[in-house]
Every structure is written in structure tokens, then in C-alpha cells.
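*Asks:*
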Amino acid sequence: MTSEPRASLREEQKNLTRDRLLDAAIEVLFEKTIVDATMEDIAKAAGVTRVTVYAHFPGKVEIVHALAERMYSLMGEAFAELAAIPRWTRAEVRGWLDRATEYWREMTPVLRVVRSSSSLVRRVPADARDRYTGARERYVSLLLGTPGRWQDVPPAQATQRATMVVLQTESFLTAWLVAGIPMETDDPLELLADALCYLLDPALDKDS
355 MTSEPRASLR EEQKNLTRDR LLDAAIEVLF EKTIVDATME DIAKAAGVTR VTVYAHFPGK
415 VEIVHALAER MYSLMGEAFA ELAAIPRWTR AEVRGWLDRA TEYWREMTPV LRVVRSSSSL
475 VRRVPADARD RYTGARERYV SLLLGTPGRW QDVPPAQATQ RATMVVLQTE SFLTAWLVAG
535 IPMETDDPLE LLADALCYLL DPALDKDS
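Throughout, our numbering is defined as the position within the sequence shown, counted from one, plus 354.
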């Protein structure tokens with residue numbers, strides 16, 4: 355009767371160690387290139403042995419993939435919040451962008467590491483492409499998931515509109531917050547809200 359709690363505890367400890375290793379990898383890969391960094395560097399930063407690192411990740415490619423999955427998970431949480439709004443209005447979309455910005459700020463170190471490590475990931479381009487495509491398809495499915503929201507829009511057009519919302523949000527916030535491209539308007543999110551509401555127009559609640 356005690357086997358399940360023990361198994362759960364072991365799994366929890368394993369996940370905590372894995373997260374600790376990924377946090378250490380962000381620190382190391384932020385300071386060094388993916389080529390120069392070693393598994394030993396990550397082990398030292400995490401305060402564990404190199405054997406522990408290899409027990410979780412066979413190599414640096416797998417670490418970068420795990421960091422990408424962390425990034426995709428945070429983006430998914432952001433788009434899930436937009437999808438969960440009962441009625442989309444411009445005010446709600448604008449408010450959501452404030453919250454989405456906080457998700458992007460949280461994932462900025464991860465995004466920078468993943469982007470700088472792209473040369474290593476390209477060694478397995480099909481796998482990386484599948485991960486990228488699969489994540490965006492999940493975000494689009496979230497935005498299309500509320501029954502009746504897109505009822506007057508042909509399915510193909512609704513899918514394209516939702517896809518463009520995802521891509522425009524992601525590319526803008528990444529360029530602004532991660533790459534540091536300056537935006538000289540008083541409130542860059544106001545213009546982004548205009549663009550997203552144009553795309554979401556058929557699904558917006560215009561009576562609110």
C-alpha cells in the first residue's frame with residue numbers, strides 16, 4: 355500500500371532534479387556557446403555529478419529540446435488564457451496581451467538560449483520542425499476550441515486567422531522582449547491589439 359506514494363515521491367524528486375538541471379543549463383548556455391559548453395559545466399552549475407546529468411539527458415541536443423519544450427509549454431499557457439476568455443472583445447484581447455507579455459518575460463532566458471543553440475538543433479531538422487509545428491498546431495486548436503465562436507467563418511479561414519494570431523503574437527513579443535528591437539510608440543501593445551482584433555474580428559463580441 356506504500357508503493358504508490360514512494361513511486362510518486364521518486365517521480366517528484368526526478369522532476370525536481372530535471373528542472374534544476376535545465377535551470378543550470380540556461381545559466382551555462384547564456385554564458386557560453388552551445389559548442390563550448392560541456393555536460394560537466396552544467397553538472398557543476400547544478401551542483402550534481404556528471405553522471406546525474408547523463409541520467410536525465412544523453413547530450414546537449416536533448417537539453418536544448420527540453421528547454422524548447424519548456425518554452426512551448428509557457429507559450430501554450432499564454433494562448434490557453436486567451437482561449438479561456440468567454441467573450442472576446444478588444445478590451446479583453448488588450449488585457450490578455452499584458453498577461454502574455456509577462457509569460458514572454460519569464461521565458462526570455464530560455465528563448466535566448468534556444469535561439470542561440472539553433473545550430474546544434476539543426477543537426478536533427480525534421481525533429482525540431484515537428485516540435486515547432488506541433489506546438490503551433492496546439493495553440494491554434496486552443497483558439498478554435500470554443501463551440502460557436504467561429505460559427506460564421508469557413509473552417510479553413512478560421513484556422514488561418516487563428517494561426518496568424520499565434521504567429522503575430524509570438525514574433526512581435528519575441529522581437530521586442532527577447533531580441534530587444536526597440537518600439538518607440540507609447541504603448542506597443544495597443545497596435546498589436548489592433549492587429550489581433552482585425553484577425554479575430556469574425557469571432558469578436560461586438561455587443562460588449
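Note that beta-carbon positions come from the ideal geometry of N, C-alpha and C, so glycine has one too.
Keep in mind that this is a model prediction, so the values were computed, not measured.
#1: Of the residues Gly499, Thr371, Glu394, which one's Cα is nearest the Cα of Gly413?
#2: Around the Cβ of Glu416, are there at least 16 other Cβ atoms within 10 angstroms (buried) or fewer (exposed)?
#3: With burial defined as no fewer than 16 other Cβ atoms inside 10 Å of the residue's Cβ, what is the status of Arg379: buried or exposed?
#4: Check this for me: beta carbons of Leu421 and Leu497, under 9 Å apart or not?
#5: What span of residues does the alpha helix (DSSP H) with Glu522 cover, start to end?
#6: Could you give the distance in angstroms between the alpha-carbon of Lys560 and the alpha-carbon of Arg444?
#7: Is it the case that the Cβ atoms of Pro542 and Phe526 are separated by a distance below 9 Å?
#8: Run through DSSP, which three-state label would Ser471 get?
#9: For a test of the three-state rule: what should DSSP assign to Arg424, helix, strand or coil?
#10: For Arg424, which residues in the same chain have their Cβ closer than 7 Å to its Cβ, ignoring the five residues on either side in sequence?
#11: Using only alpha-carbon positions, find the residue among Asp506, Glu456, Arg503, Tyr486 that is nearest to His419.
#12: Going by other Cβ atoms of all chains shown within 10 Å of its Cβ, with 16 needed for buried, is Glu524 buried or exposed?
#13: Output yes or no for whether 9 Å exceeds the beta carbon distance between Val519 and Leu554.
#14: Leaving aside the five residues before and after Ser472 along the sequence, list all residues of the same chain whose C-beta is less than 6 Å from its C-beta, in chain order.
#15: Could you check which residue in Tyr552, Leu546, Thr528 has the C-alpha nearest to that of Glu460?
*Replies:* Put simply:
#1: Glu394
#2: exposed
#3: Correcting the residue type first, residue 379 is Ala in the shown sequence and not Arg. Buried.
#4: no
#5: Sequence check: residue 522 is Gln here, not Glu. First-last of the alpha helix (DSSP H) with Gln522: 509-527.
#6: 9 Å
#7: The answer is yes: Cβ separation under 9 Å.
#8: coil
#9: helix
#10: Leu376, Val464
#11: Tyr486
#12: buried
#13: yes
#14: Cβ within range, chain order: n/a, list empty.
#15: Thr528
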